[in-house]
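Notes follow the structure.
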Amino acid sequence: MSIFTPKKLILFGLAAILLIAIPLTVYLVQKQQEIKSRAAPSTTLSFQPLTATVSKGQDVSFDVMMDPGSNFVSFVHLVIDYDTTKLTKSGDGFVINTTVFPGFDPSKPPVPTYDPAGKITVDLAVGSNPTASIQKQTKIGTLTLKATAITDPGTPTKITFDSQTQVLTSQGDQFNTNVLSTTNPASVTITEAETLTPTPTQGITPTLSPAPTETPQVSPTPTTTPGPGGPVNQSPTCTALSLDRETSGTAPYSITLTASGSDSDGTINKVAFSFGDGAVQDMTEGGGIGTSTVSAQISHTYNNAGTFSATAALTDDSGGVSSATTCTQTITVNAAQPSPPPVVTTPTPTMAPGPSDVIIGIGVFGIILAIIGGFLLFAL
-11 MSIFTPKKLI LFGLAAILLI AIPLTVYLVQ KQQEIKSRAA PSTTLSFQPL TATVSKGQDV
49 SFDVMMDPGS NFVSFVHLVI DYDTTKLTKS GDGFVINTTV FPGFDPSKPP VPTYDPAGKI
109 TVDLAVGSNP TASIQKQTKI GTLTLKATAI TDPGTPTKIT FDSQTQVLTS QGDQFNTNVL
169 STTNPASVTI TEAETLTPTP TQGITPTLSP APTETPQVSP TPTTTPGPGG PVNQSPTCTA
229 LSLDRETSGT APYSITLTAS GSDSDGTINK VAFSFGDGAV QDMTEGGGIG TSTVSAQISH
289 TYNNAGTFSA TAALTDDSGG VSSATTCTQT ITVNAAQPSP PPVVTTPTPT MAPGPSDVII
349 GIGVFGIILA IIGGFLLFAL
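Given below as structure tokens:
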């Protein structure tokens, strides 16, 4: 009798499947957790402000800011470069924000080193407490330099983060990963220092008494009054106010008005339009203005609903004004009907299968095999 009965073969097969499926599932779960905990280069270093203008001999200060992005920052190897022909260290130079970066030993805070070639280097650590990791935008410290030489027009001097700068994270097993993504330099424009020019003190000049001068006698000039038979100015006449379309429409309603008229004893210098909705506009050129006959055209838009009385008046070179009653139009504007909101169809994105889908698939496959194996075990 063979020792490999059908039942034993089925049991051995199920055991083999479980031995393969369980380690594979554990491996995929670990990989998924590793992906979630992996740090990403998303940290940004920048100066604040990004630009500054100072006079030669003055100090200029910048705050060094760090935005950790999605990381938990615990250590920064900071290296700053500047042009020593334009700038030099002033006072304490770089002052560290020791509240955020006390160092591993608070009794011995970190101290920057200054290279004569224009390089500042300092190592900053949040300390041994992992909960002190930086997770939001934070000021690292303040840099103060003195302007020693003027810059060329349009060419400011730069303060940059050196390529040796590193930002390390305390996330999971990625402690030694540099997560620095972007650095934003600062620009400094240095101008010539203003020189004060002393104001000379004026001496006292004796005042001479003016010699008496004769007051000339002015003889009155007789004024000639025009007689009653002098010419009398005739006011211009506005003959028509015409429109380029119907007198009614829907807001916003744009329309062109044309005022026509003449002056019998002079020239027309201005056409004044009143649109009835509070807006007025004067025309002093074009349309024949400056001659005795005009045909002045102007456009206007009525944005609100209502009934409006538009008028036009002509003014001649002697100040005479035409009657507004001869040039008038009544314009009716109706409210616009509200349009229905557009229907926006948002497509549903198709999610790519991830490790979780693979794990679920393996689990379902194992359950199906177990059920089939159970049925076969009882059937044989």
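For the sequence shown, the residue numbers in our numbering are -11 to 368. C-beta atoms are modelled at their ideal positions from N, C-alpha and C, and glycine is treated no differently. Computed from a predicted structure; not experimentally measured.
Per DSSP, cross-strand counterpart(s) of residue i
i: LEU133; result: VAL48, LYS77
i: GLN285; result: THR246
i: THR316; result: THR299
i: LYS107; result: ASP69, ASP103
i: TYR290; result: TYR241
i: ASP140; result: THR143
i: ASN322; result: THR238
i: ALA174; result: ILE147
i: ASP270; result: ALA260
i: ASP304; result: ILE256
i: LYS96; result: For LYS96, which the question treats as bridged, DSSP gives no partner whatsoever.
i: ASP55; result: THR32
i: LEU168; result: THR31
i: VAL309; result: THR303
i: ILE355; result: None, per the DSSP bridge assignment.
i: SER230; result: THR246
i: ILE277; result: THR279
Residue i (DSSP reduced to helix, strand or coil)
i: PHE263; result: coil
i: PHE60; result: coil
i: LEU(-3); result: helix
i: ALA40; result: strand
i: THR87; result: coil
i: VAL14; result: helix
i: LEU2; result: helix
i: THR225; result: strand
i: THR338; result: Residue placement at THR338 is flagged as unreliable, the pLDDT there being 44, under the threshold of 50; the coordinate-derived value follows with that caveat. In this structure, THR338 counts as coil in the three-state DSSP scheme.
i: ALA120; result: helix
i: ALA113; result: strand
i: THR153; result: coil
i: ILE23; result: Any answer about ILE23 is weak, because its pLDDT of 44 lies below 50 and its placement is not dependable; what the coordinates show is given next. Reduced to three states, the DSSP call for ILE23 is helix.
Beta-carbon proximity check, residue i vs residue j, cutoff 9 angstroms
i: LEU112; j: PHE50; result: no
i: LEU38; j: LYS134; result: no
i: ASP251; j: SER230; result: no
i: ASP150; j: VAL64; result: no
i: VAL110; j: PRO100; result: yes
i: TYR70; j: GLY106; result: yes
i: THR255; j: ILE286; result: no
i: THR179; j: SER43; result: yes
i: THR244; j: ALA324; result: no
i: SER62; j: SER121; result: yes
i: THR454; j: LEU33; result: The displayed coordinates of the chain run from -11 to 368. Any statement about residue 454 would go beyond what the structure contains.
i: PRO173; j: THR136; result: no
i: SER248; j: HIS288; result: no
i: GLY276; j: ALA267; result: no
i: PRO104; j: THR72; result: yes
i: VAL114; j: PRO90; result: yes
i: THR279; j: VAL321; result: no
i: VAL167; j: ASN59; result: yes
i: ASN257; j: THR272; result: yes
Three CB pairs or more closer than 8 angstroms across the segment 252 to 264 and the segment 294 to 301: yes
**Asked** Quick one: any contact between the segment 45 to 56 and the segment 121 to 128, if contact means 3 or more CB pairs under 8 angstroms?
**Response** yes
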